[in-house]
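Note that the UniProt record's numbering has the sequence shown beginning at 1, numbered continuously upward. C-beta atoms are modelled at their ideal positions from N, C-alpha and C, and glycine is treated no differently.
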Amino acid sequence: MYMKKVAVSTALFSLLFSLTPVAALAAEEAPAPADAATEAPIPVKEADTPTATPEKSTEHTTKPTENKETYDQPVTTPPTPTNPGSNEPEEPTEEPEPKPEPTLSVKASVGKETISVTATISHGEEVDGTYVFQMGDKKVEKEAVGTEATAEFAATPGTHKIEVTFVGKIDGEEKTLSDSTTVEVKDTKPPVKPVFAADLVDAGDAVQVVANIKHAEAVEGKWYAILFDAKGREVDAREGGDSSSFTASFSIDALEPGEYTIIVGFLGVVNGEEVDFDEELFFEVVEEDPQPQDPQDPNSPDQGDDGDKGVNIGDDGDDEDSSDKVDNAKGGPLPKTDTAYPVGAMAGAALLSAGLLYTRFRRQA
Numbered sequence: 001m002y003m004k005k006v007a008v009s010t011a012l013f014s015l016l017f018s019l020t021p022v023a024a025l026a027a028e029e030a031p032a033p034a035d036a037a038t039e040a041p042i043p044v045k046e047a048d049t050p051t052a053t054p055e056k057s058t059e060h061t062t063k064p065t066e067n068k069e070t071y072d073q074p075v076t077t078p079p080t081p082t083n084p085g086s087n088e089p090e091e092p093t094e095e096p097e098p099k100p101e102p103t104l105s106v107k108a109s110v111g112k113e114t115i116s117v118t119a120t121i122s123h124g125e126e127v128d129g130t131y132v133f134q135m136g137d138k139k140v141e142k143e144a145v146g147t148e149a150t151a152e153f154a155a156t157p158g159t160h161k162i163e164v165t166f167v168g169k170i171d172g173e174e175k176t177l178s179d180s181t182t183v184e185v186k187d188t189k190p191p192v193k194p195v196f197a198a199d200l201v202d203a204g205d206a207v208q209v210v211a212n213i214k215h216a217e218a219v220e221g222k223w224y225a226i227l228f229d230a231k232g233r234e235v236d237a238r239e240g241g242d243s244s245s246f247t248a249s250f251s252i253d254a255l256e257p258g259e260y261t262i263i264v265g266f267l268g269v270v271n272g273e274e275v276d277f278d279e280e281l282f283f284e285v286v287e288e289d290p291q292p293q294d295p296q297d298p299n300s301p302d303q304g305d306d307g308d309k310g311v312n313i314g315d316d317g318d319d320e321d322s323s324d325k326v327d328n329a330k331g332g333p334l335p336k337t338d339t340a341y342p343v344g345a346m347a348g349a350a351l352l353s354a355g356l357l358y359t360r361f362r363r364q365a
């Protein structure tokens, strides 16, 4: 009787365990023996007394899902071998890139006295030909020794365009390449100061004034030359316009013998700067000795006729160069205009005193 109860309890426990999710999970995880024989269920003898039917479990049993990653992984197909009998795919072959065309580039650098120009050929190894460098009307040719050539030009102030041409073979092919560049050369030399100079020339019956401004590129203003006699009185004058040189002539026929002064100058703008140049020049008009009458020639002048006038060009005594005269243009001795004023003043004072004394004594008398 006891054995029957044990068998019935075991059967009920097994039935309830099989209906739970834990049993299903344990069944999946437990590996089945490879050669094990399926055990036969233990025969259960029905009891004489009716047993209560177990109630059906109300728990919802779900079958555990398998690993989701197994289903989400993409299906890959191995590549099909292109070579028969080989399991490895053949790598795609890359076509070689085309070789770039040769090019010519030009660079220039400005030095103190020269412009250095360098021409370089890119994408070329074997070069055979001639480089031609040209700047304005100057041309330099260089035989190709490699992919680079250099030439030099004089660095003159201004903007210069430099062109370089290569004619020859590059890697066995005939090529003509060209390039150009532009450089600007600044004038680093200090500007030259304008210099004023003037002089007198004996022109026979006239005195000629010759003046000029050296290193003058742009001149705008007025020239003048004024003739003064020995007493400082203006005798004659000449004027000139925009020019770097000036010439004026003064006839001596109407001039009395004596010393004269000519002040020549320029007032205006030279090379963009205002200037005021002037200089004093001296000369003397002399009367030459008359020639004796020739007894054989009745038309020759006699002793009583006046001789011709001549000119003695004087010196202002300033031995400095003309550039110094520009800075101290208003120098030089003045004309001889001195008089006997002190002596005359003293004589006048004496006469006045004598007159006063005479008047006083006359009144007393």
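Can you determine whether any heavy atom of the ligand NAD sits closer than 8 Å to the C-beta of residue i, and answer yes or no?
i: residue 346; result: This structure does not include the ligand NAD; it has no bound ligands of any sort.
Taking just the CA atoms, how far does residue j sit from residue i?
i: residue 101; j: residue 145; result: 20 Å
i: residue 241; j: residue 268; result: 10 Å
i: residue 276; j: residue 234; result: 21 Å
i: residue 12; j: residue 3; result: 14 Å
i: residue 262; j: residue 344; result: 31 Å
i: residue 273; j: residue 348; result: 54 Å
i: residue 113; j: residue 155; result: 5 Å
i: residue 187; j: residue 283; result: 44 Å
i: residue 209; j: residue 308; result: 22 Å
i: residue 237; j: residue 197; result: 19 Å
i: residue 150; j: residue 137; result: 18 Å
Within 10 Å of its beta-carbon, does residue i have 16 or more other beta-carbons around it, so buried, or fewer, so exposed?
i: residue 351; result: exposed
i: residue 313; result: exposed
i: residue 311; result: buried
i: residue 281; result: buried
i: residue 279; result: buried
Give the single residue among the options whose Cα lies nearest to the Cα of residue i.
i: residue 190; options: 215, 205, 171; result: 215
i: residue 219; options: 201, 259, 266; result: 266
i: residue 287; options: 255, 272, 279, 271; result: 255
i: residue 249; options: 159, 98, 226, 15; result: 226
i: residue 243; options: 237, 97, 224; result: 224
i: residue 201; options: 247, 346, 358; result: 247
i: residue 245; options: 364, 357, 195, 237; result: 195
i: residue 199; options: 356, 211, 192; result: 211
Please go through the same chain and pick out, in chain order, the residues whose beta-carbon is closer than 6 Å to the beta-carbon of residue i, but skip the five residues on each side of it.
i: residue 177; result: 104, 166
i: residue 367; result: Nothing about residue 367 can be reported from this structure: the residues present for the chain run from 1 to 365 only.
i: residue 132; result: 141, 165
i: residue 271; result: 217, 218
Got a sec? Which residues, its chain only, sit under 7 Å from residue i by beta carbon, not counting five neighbours each side?
i: residue 251; result: 205, 206
i: residue 107; result: 118, 181
i: residue 124; result: 102, 147, 170, 171
Taking 8 Å as the limit between beta carbons, can you name the residues of its chain near residue i, skipping five residues before and five after?
i: residue 172; result: 126
i: residue 168; result: 127, 128, 129, 130, 144, 174, 175
i: residue 115; result: 108, 109, 135, 152, 153, 154, 155, 160, 162, 183, 185
i: residue 222; result: 239, 240, 241, 266, 267, 268
Which whole runs of the alpha helix (DSSP H) in the segment 173-235 are 4 residues long or more, in chain order? Within the segment 173-235, no complete alpha helix (DSSP H) run reaches 4 residues.
Please go through the segment 240-290 and give each complete beta strand (DSSP E) segment of 3 or more residues, from N-terminal end onward. 245-251, 258-270, 273-287, all fully within the segment 240-290.
Write down every uninterrupted run of the beta strand (DSSP E) in the segment 148-174 whose length is 3 residues or greater and which is fully enclosed by it, in chain order. Counting whole runs of 3 or more residues, the segment 148-174 contains the beta strand (DSSP E) stretches 148-154, 158-170.
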